[in-house]
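K.L.:
Numbered by the numbering used here, the letters in the sequence shown go through residues 10 to 456 in order. Just so it is clear, CB atoms sit at the ideal spot from N, CA and C, and this is done for glycine as well. Here the structure is a predicted model, which means the values were calculated and not measured.
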Amino acid sequence: MSDVKHGKYTRRALARLFAGLSLAACLTTPALAQDAKTIRILISQSPWLNSFVSLVDQYQKETGTKFQLDVTPFGGMVDKMRNSVRAQQGSYDLININVQGLAEMYAGGFLRPLKEIDPGFSLPDGVLDFGSSAYWNVKANSFDSKGDLYSVPTNGNVLALYYRSDVYKQAGLKVPETWDQLYANAKALHNPPKMYGFIARNTRESILFDFSPVLFSYGGSYFANPESGDYSVTLNSPAGLQALEMFIKLNRETGTGNAGALEQAELIQLLSTGKAAQGVAVIAAVADLQDPNKSIVTDTIETALLPAGTGGKHASVAGQWMAGIPKNVPEANQKTALAFLTWFLKKDTQVAYTEAGGIPIRKDLGDTKLAKDPAYRFIKAFSDNADVAKMNTPLKEGVRVKEIISLYLNRAVIGEISAKDALNGAANELHQVLTAAGYKLTPPKML
């Protein structure tokens with residue numbers, strides 16, 4: 010095993026520390042080396058960390074390149090990132106950026122376009138860009154595949170439909186193609202408290218993520234045309250109302266009875282203990298649901314493309330991590346970092362990444378050895394959902410936008426306000442906030 014450094018710790022030391030200490034307690038010291046043969050990486054303390062480390066180990070053995078990983082709890086990532094990219098010389102040659110922070114990093118001009126480092130570099134065919142999130146159009150101030158390439162995906166995470174194949178078979182049900190069919194299946198299977206027909210996350214922290222695919226599939230949107238820079242608020246449209254009414258109906262009538270409080274850990278627990286017939290969750294939940302030490306439905310939990318809304322349109326939502334190379338590190342370091350990313354994106358590398366427990370960032374692994382292994386049967390659903398994944402808050406004020414919309418959605422789900430009032434209220438407040446931030450917007454039309 011190679012000595013991949015995490016802050017001031019080697020991987021061997023970590024093996025001893027993992028048994029009794031949390032990562033948060035010991036992995037927050039940033040790397041200081043300036044050697045161009047050493048890649049300094051800021052990465053989140055997350056379920057996919059070990060799979061990433063396994064690739065780092067492999068690359069180090071193949072090339073001799075050294076690594077220093079500053080493994081940081083999720084809540085501390087943004088501050089470290091902001092401090093490093095604003096310094097005269099950055100602490101990291103690669104920074105892993107959660108989808109919510111991408112627009113801030115791109116719009117702030119903190120990352121170097123990858124083609125400036127290597128004019129011949131591009132995303133290989135088969136690599137997902139998760140709704141053009143690898144690209145940024147400076148003029149339109151938006152994600153746009155016609156803009157400059159600023160980052161590459163390091164961990165794919167999208168929402169997918171999870172369902173129990175055994176209870177579906179017993180009830181004579183088919184995998185739903187539409188939300189109406191999903192609702193009908195959920196009603197048929199709903200038998201509380203023994204089994205809930207459908208579950209999704211509805212707290213103010215997560216509801217935006219789980220509602221977004223429903224909105225998009227019904228033809229709704231949050232903004233008029235982000236690709237061209239038009240962020241006029243369009244959430245409170247007839248399509249948006251139809252989507253929210255379906256979302257509320259599913260969660261109130263076939264859920265746990267406490268719709269506004271369900272979070273990811275409880276959702277996964279309900280699925281893994283057989284208490285939920287189906288639900289929407291991130292594809293990364295597969296690891297726990299197929300682990301016999303954590304789940305009683307390992308052989309019967311299946312994944313599928315999220316249902317379509319009006320007009321047969323399928324959609325998912327992007328929740329990936331992307332790696333970018335800051336401008337404020339030496340060019341030699343930038344080239345070393347890009348060489349690693351180029352290797353990371355290769356098909357064979359992504360097979361190894363998936364085998365190590367990571368979520369792949371390619372959609373073309375169906376013809377690899379993984380396709381014949383039941384443990385990786387989730388790959389088709391992942392690829393299908395990733396192919397229709399969209400960004401839900403594609404602007405640098407994304408965190409504030411999320412807070413506003415989530416509050417109103419949560420209030421609607423718990424019955425505090427109507428779906429129409431929730432959408433109108435969110436649209437009006439968003440318009441005010443974005444107008445104050447300098448955006449030129451058309452006022453939203455009230456429902």
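For residue 186, which residues of its own chain have a beta-carbon under 7 Å away from its beta-carbon, when the five flanking residues on both sides are left out?
P.N.:
Counting from 1 along the sequence shown, the entry for residue 186 is found at position 177. Correct list, in chain order: 316 and 317.
K.L.:
Looking only at DSSP bridge pairs, what is residue 327 linked to?
P.N.:
Counting from one through the sequence shown, the residue named residue 327 turns up at place 318. 167, per the DSSP bridge assignment.
K.L.:
With a 10 Å radius around its C-beta and 16 neighbouring C-beta atoms as the bar for buried, classify residue 445 as buried or exposed.
P.N.:
Counting from 1 along the sequence shown, the entry for residue 445 is found at position 436. With fewer than 16 other Cβ atoms within 10 Å, it is exposed.
K.L.:
If you compare alpha carbons, which of 205, 361, 75 and 213 is closest to residue 410?
P.N.:
As a working mapping, residue 410 is identified with position 401 in the sequence shown. Of the candidates 205, 361, 75 and 213, the one whose C-alpha sits nearest the C-alpha of residue 410 is 213.
K.L.:
Enumerate, from N- to C-terminal direction, the unbroken beta strand (DSSP E) stretches of 3 or more residues contained entirely within the region 167–237.
P.N.:
168–173 and 232–234
K.L.:
Between which two residues does the alpha helix (DSSP H) carrying residue 91 extend?
P.N.:
The residue labelled residue 91 in the question sits at position 82 within the sequence shown. Run containing residue 91: 83–95, per the alpha helix (DSSP H) assignment.
K.L.:
Our contact map puts residue 327 next to residue 59 with C-beta atoms below 8 Å; I'd like the distance itself, whole angstroms only.
P.N.:
Sequence index remark: in the sequence shown, residue 327 carries index 318 (1-based). Sequence index remark: in the sequence shown, residue 59 carries index 50 (1-based). With a Cβ gap of about 23 Å, residue 327 and residue 59 do not count as contacting.
K.L.:
Could you round the C-beta distance between residue 211 and residue 433 to whole angstroms and report it? I think they count as a contact, below 8 Å.
P.N.:
If you number the sequence shown from 1, residue 211 lands on position 202. If you number the sequence shown from 1, residue 433 lands on position 424. Not quite, the Cβ-Cβ distance comes to about 20 Å (not below 8 Å), so this is no contact.
K.L.:
Tell me the DSSP secondary structure of residue 419 in three-state form.
P.N.:
For the purposes of this step, residue 419 is taken as the residue at position 410 of the sequence shown. Residue state, collapsed to three classes: helix.
K.L.:
Drop a sphere of 10 angstroms on the beta-carbon of residue 251, count the other beta-carbons inside from all chains shown, and report buried for 16 or more, exposed for fewer.
P.N.:
The residue you call residue 251 lines up with position 242 of the sequence shown. Buried.
K.L.:
I'd like to know if the region 342–351 and the region 318–325 are in contact, where contact means that at least 3 CB-CB pairs between them fall below 8 Å.
P.N.:
no
K.L.:
Taking the straight line between their C-alpha atoms, what separation do you get for residue 107 and residue 394?
P.N.:
Taking the sequence shown and counting its residues from 1, one reaches residue 107 at position 98. Taking the sequence shown and counting its residues from 1, one reaches residue 394 at position 385. Looking at the two C-alpha atoms, the distance is approximately 18 Å.
K.L.:
Whole angstroms is fine: what's the gap from residue 270's alpha carbon to residue 98's?
P.N.:
On the sequence shown, position 261 is the one that residue 270 refers to. On the sequence shown, position 89 is the one that residue 98 refers to. Between residue 270 and residue 98, the C-alpha separation is close to 43 Å.
K.L.:
Which residues does DSSP pair with residue 335 in a beta bridge?
P.N.:
To locate residue 335, count along the sequence shown from 1; it is residue 326. Looking at the DSSP assignment, residue 335 forms a beta bridge with 120.
K.L.:
Determine the contact status of residue 139 and residue 122, defining contact as a CB-CB distance below 8 Å.
P.N.:
Within the sequence shown, residue 139 is the residue found at index 130, counting from 1. Within the sequence shown, residue 122 is the residue found at index 113, counting from 1. Not in contact: residue 139 and residue 122 (Cβ atoms no closer than 8 Å).
K.L.:
Between which two residues does the beta strand (DSSP E) harbouring residue 289 extend?
P.N.:
Along the sequence shown, read from residue 1 onward, the residue named residue 289 stands at position 280. From DSSP, the beta strand (DSSP E) with residue 289 extends over 287–291.
K.L.:
With a cut-off of 8 Å, do at least 3 Cβ pairs link the region 107–116 to the region 67–76?
P.N.:
no
K.L.:
Relative to the alpha-carbon of residue 169, which residue among 289, 352, 228 and 216 has its alpha-carbon at the smallest distance?
P.N.:
Start at 1 with the first residue of the sequence shown, and residue 169 comes out as number 160. Nearest option by C-alpha distance: 289.
K.L.:
Is the beta carbon of residue 191 sitting closer than 8 Å to the one on residue 180?
P.N.:
Residue mapping note: residue 191 aligns to position 182 of the sequence shown, counting from 1. Residue mapping note: residue 180 aligns to position 171 of the sequence shown, counting from 1. Using a Cβ distance threshold of 8 Å, residue 191 and residue 180 do not count as a contacting pair.
K.L.:
Tell me where the beta strand (DSSP E) around residue 240 begins and ends.
P.N.:
Within the sequence shown, numbered from 1, the residue matching residue 240 stands at position 231. From DSSP, the beta strand (DSSP E) with residue 240 extends over 239–242.
K.L.:
If you run the structure through DSSP and keep just helix, strand and coil, what is residue 68?
P.N.:
For the purposes of this step, residue 68 is taken as residue 59 along the sequence shown, with counting starting at 1. Three-state result, residue 68: helix.
K.L.:
With residue 263 as the anchor, note down where its alpha helix (DSSP H) starts and where it stops.
P.N.:
By one-based count along the sequence shown, residue 263 stands at place 254. Counting along the chain, the alpha helix (DSSP H) containing residue 263 begins and ends at 247–263.
K.L.:
When the Cα atoms are used, what is the spatial distance from residue 40 to residue 77?
P.N.:
As a first step, residue 40 must be located in the sequence shown, where it is residue number 31. As a first step, residue 77 must be located in the sequence shown, where it is residue number 68. Residue placement at residue 40 is poorly supported in this model, since its pLDDT is 43, which falls under 50; the coordinates still yield a value, given next. Those two C-alpha atoms are separated by around 6 Å.
K.L.:
Whether or not the region 347–364 and the region 213–226 are in contact is what I'm after, with contact meaning three or more pairs of Cβ atoms, one per stretch, closer than 8 Å; do they touch?
P.N.:
As far as the Cβ criterion goes, the region 213–226 does not touch the region 347–364, which means the pair count is below three.
K.L.:
Helix, strand or coil: which one does DSSP assign to residue 355?
P.N.:
Position 346 of the sequence shown, counted from the start, is the residue given in the question as residue 355. Coil, per DSSP.
K.L.:
On the CB-based measure, 16 or more other CB atoms within 10 Å of its CB, does residue 147 come out buried or exposed?
P.N.:
Your numbering for residue 147 matches position 138 in the sequence shown. Residue 147 should be labelled exposed.
K.L.:
In the DSSP assignment, find the alpha helix (DSSP H) that holds residue 390 and state where it starts and stops.
P.N.:
As a working note, residue 390 is residue 381 in the sequence shown. It spans 388–396 - the alpha helix (DSSP H) in which residue 390 sits, taken as one unbroken run.
K.L.:
At which residues does the alpha helix (DSSP H) containing residue 313 begin and terminate?
P.N.:
One-based indexing of the sequence shown puts residue 313 at position 304. Where residue 313 is concerned, there is no enclosing alpha helix (DSSP H), although the beta strand (DSSP E) it sits in stretches over 310–313.
K.L.:
Would you call the region 194–208 and the region 397–416 in contact, with 3 or more CB pairs under 8 Å?
P.N.:
Touching, no.
K.L.:
Do residue 428 and residue 280 have their CB atoms nearer than 8 Å?
P.N.:
Here residue 428 corresponds to residue number 419 of the sequence shown, with the count starting at 1. Here residue 280 corresponds to residue number 271 of the sequence shown, with the count starting at 1. For residue 428 and residue 280, no; Cβs fall outside 8 Å.
K.L.:
Keeping to the same chain, check which residues put their C-beta closer than 7 Å to that of residue 362; ignore five residues upstream and five downstream.
P.N.:
Translated into positions along the sequence shown, residue 362 becomes position 353. Only 60, 64 and 369 meet the Cβ criterion.
K.L.:
Which value, in whole angstroms, describes the spacing of the CA atoms of residue 392 and residue 165?
P.N.:
Residue numbering aside, residue 392 sits at position 383 when the sequence shown is read from its first letter. Residue numbering aside, residue 165 sits at position 156 when the sequence shown is read from its first letter. One C-alpha to the other measures close to 10 Å.
K.L.:
From the DSSP output, in three-state form, read off residue 158 for me.
P.N.:
Reading the sequence shown from its first residue, position 149 is the one you call residue 158. Three-state result, residue 158: strand.
K.L.:
Helix, strand or coil: how does DSSP classify residue 60 here?
P.N.:
The sequence position of residue 60 within the sequence shown is 51, counting from 1. In this structure, residue 60 counts as helix in the three-state DSSP scheme.
K.L.:
If residue 141 and residue 157 are in contact, beta carbons under 8 Å, what's the gap, nearest whole angstrom?
P.N.:
In the sequence shown, the residue the question calls residue 141 occupies position 132. In the sequence shown, the residue the question calls residue 157 occupies position 148. In fact, because the Cβ distance is near 12 Å, the residues do not count as touching under 8 Å.
K.L.:
For residue 387, I'd like the list of residues in its chain whose CB is within less than 7 Å of its CB, leaving aside the five on either flank, ordered along the chain.
P.N.:
To locate residue 387, count along the sequence shown from 1; it is residue 378. Counting only Cβ-Cβ distances below 7 Å, and skipping sequence neighbours, we find 292, 295 and 312.
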